[in-house]
Amino acid sequence: DTAVSQTPKYLVTQMGNDKSIKCEQNLGHDTMYWYKQDSKKFLKIMFSYNNKELIINETVPNRFSPKSPDKAHLNLHINSLELGDSAVYFCASSQRRGQGETQYFGPGTRLLVL
Amino acid sequence: GESVGLHLPTLSVQEGDNSIINCAYSNSASDYFIWYKQESGKGPQFIIDIRSNMDKRQGQRVTVLLNKTVKHLSLQIAATQPGDSAVYFCAENMATGRRALTFGSGTRLQVQP
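For the protein sequence lines, the chains are A and B, in the order given.
Everything in the first sequence is counted per our numbering, starting at 1 for the first residue and increasing by one.
Everything in the second sequence is counted per our numbering, starting at 1001 for the first residue and increasing by one.
See below:
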């Protein structure tokens, strides 16, 4: 029944490693997002896909590469992890309505880079 | 760039009192606003939204007020309960164009029993 799910919930890894986070939504939405929440709780958009097409790509290091195999899934791959990548990463989804739309968030993936 | 901000980082209230959480936004082109609640260890949860053609919207125990003249948004929680303790974010976006939400910095609401 979970609307937006993410795996894993916790991810602890060494600097320099490559890791992936997965996201799935069963709401039938056409748009998915990745947000990063830092230690001060500030949430910032990273990427957005609409029907598998990248529509938002904020100033994010190119070590971060999103991939959307279909409109229900949006994964995030991170190469050469750095200490500063430690944060909580949230996936979200919404349906384009042309009049403002609510985004629904997943439970988050807590990434700790050692 | 333009941003959404909150006046108070922490708000402490007694159980049963009403709570008011404020938010200032600077993007005059924003036309859709959302309040989210984030409990510890969880993702942001939708509470209530309001479009720019309205100035007030009520939900169950919550009311959102929008003052476009001074670019101010507030969330009122009636009869605050311990379960309301969380971090509250306001967020804004535009119906057209860029669809990502711009979040404020959050206000922590602490409900004292």
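The beta carbon of each residue, even a glycine, is placed where N, CA and C say it ideally should be.
* To do: Would you identify the three-state DSSP class for B/Leu-1101, choosing helix, strand or coil?
  => The sequence position of residue 1101 of chain B within the second sequence is 101, counting from 1. In this structure, B/Leu-1101 counts as coil in the three-state DSSP scheme.
* Asked: Run through DSSP, which three-state label would B/Asp-1055 get?
  -> Mapped onto the second sequence, residue 1055 of chain B falls at position 55. Reduced to three states, the DSSP call for B/Asp-1055 is coil.
* To do: Ignore the nearest five residues each way along the sequence and tell me which others in B/Ser-1003's own chain have a CB closer than 7 Å to its CB.
  => Within the second sequence, numbered from 1, the residue matching residue 1003 of chain B stands at position 3. Any reading at B/Ser-1003 must be qualified, since the residue scores a pLDDT of 45, below 50, and its modelled position is unreliable; no value is offered.
* Asked: Identify the residues that DSSP records as bridge partners of A/Gln-25: which are they?
  -> For the purposes of this step, residue 25 of chain A is taken as residue 25 along the first sequence, with counting starting at 1. Answer is A/Val-4, bridged to A/Gln-25.
* Would you call B/Glu-1092 buried or exposed, if buried means 16 or more other Cβ atoms sit within 10 Å of its Cβ? -> Translated into the one-based positions of the second sequence, residue 1092 of chain B becomes position 92. Buried, by the Cβ-count rule.
* So A/Ser-48 packs on A/Thr-59, CB below 8 Å; how close in whole Å? -> Your numbering for residue 48 of chain A matches position 48 in the first sequence. Your numbering for residue 59 of chain A matches position 59 in the first sequence. With 8 Å as the limit, A/Ser-48 and A/Thr-59 do not qualify as a contact, their Cβ atoms being about 14 Å apart.
* Best match in A/Leu-83, A/His-29, A/Gly-108, A/Thr-109 for proximity to A/Asn-17 [C-alpha to C-alpha] -> Within the first sequence, the letter at position 17 stands for residue 17 of chain A. Among A/Leu-83, A/His-29, A/Gly-108, A/Thr-109, the Cα nearest to that of A/Asn-17 belongs to A/Leu-83.
* **chain A contact for B/Asp-1049 (CB, 8 Å cutoff)** => Residue numbering aside, residue 1049 of chain B sits at position 49 when the second sequence is read from its first letter. For B/Asp-1049, the answer is yes, since a Cβ of chain A falls inside 8 Å of its Cβ.
* Integer Cβ distance of B/Arg-1057 from B/Ile-1050, believed to fall under 8 Å -> On the second sequence, position 57 is the one that residue 1057 of chain B refers to. On the second sequence, position 50 is the one that residue 1050 of chain B refers to. Indeed, because the Cβ distance is near 5 Å, the residues count as touching under 8 Å.
* Asked: For the beta strand (DSSP E) that A/Asn-75 lies in, which residues bound it at each end?
  -> The count along the first sequence starts at 1 and reaches residue 75 of chain A at position 75. Its beta strand (DSSP E) spans residues 73-78.
* Of all the options B/Leu-1011, B/Pro-1009, B/Glu-1015, B/Thr-1010, which has the alpha carbon lying nearest to the alpha carbon of B/Gln-1081? -> Counted from its first residue, the second sequence places residue 1081 of chain B at position 81. Looking at the Cα atoms, B/Glu-1015 is the closest of the given residues.
* Helix, strand or coil for A/Asp-30, going by three-state DSSP, please let me know. => Translated into positions along the first sequence, residue 30 of chain A becomes position 30. Looking at A/Asp-30 - three-state DSSP - the assignment turns out to be coil, as it is neither helix nor strand.
* Helix, strand or coil: which one does DSSP assign to B/Gln-1060? -> In the second sequence, the residue the question calls residue 1060 of chain B occupies position 60. If DSSP states are grouped into helix, strand and coil, B/Gln-1060 belongs with coil.
* **8 Å Cβ shell around B/Asn-1018 - same chain, five flanking residues per side excluded** => Within the second sequence, numbered from 1, the residue matching residue 1018 of chain B stands at position 18. Cβ neighbours of B/Asn-1018 beyond the five flanking positions: Gln-1076, Ile-1077, Ala-1078, Ala-1079, Thr-1080.
* Using a Cβ-Cβ distance under 8 Å, would B/Ala-1100 count as near chain A? -> Reading the second sequence from its first residue, position 100 is the one you call residue 1100 of chain B. True, the Cβ-Cβ gap to chain A drops below 8 Å.
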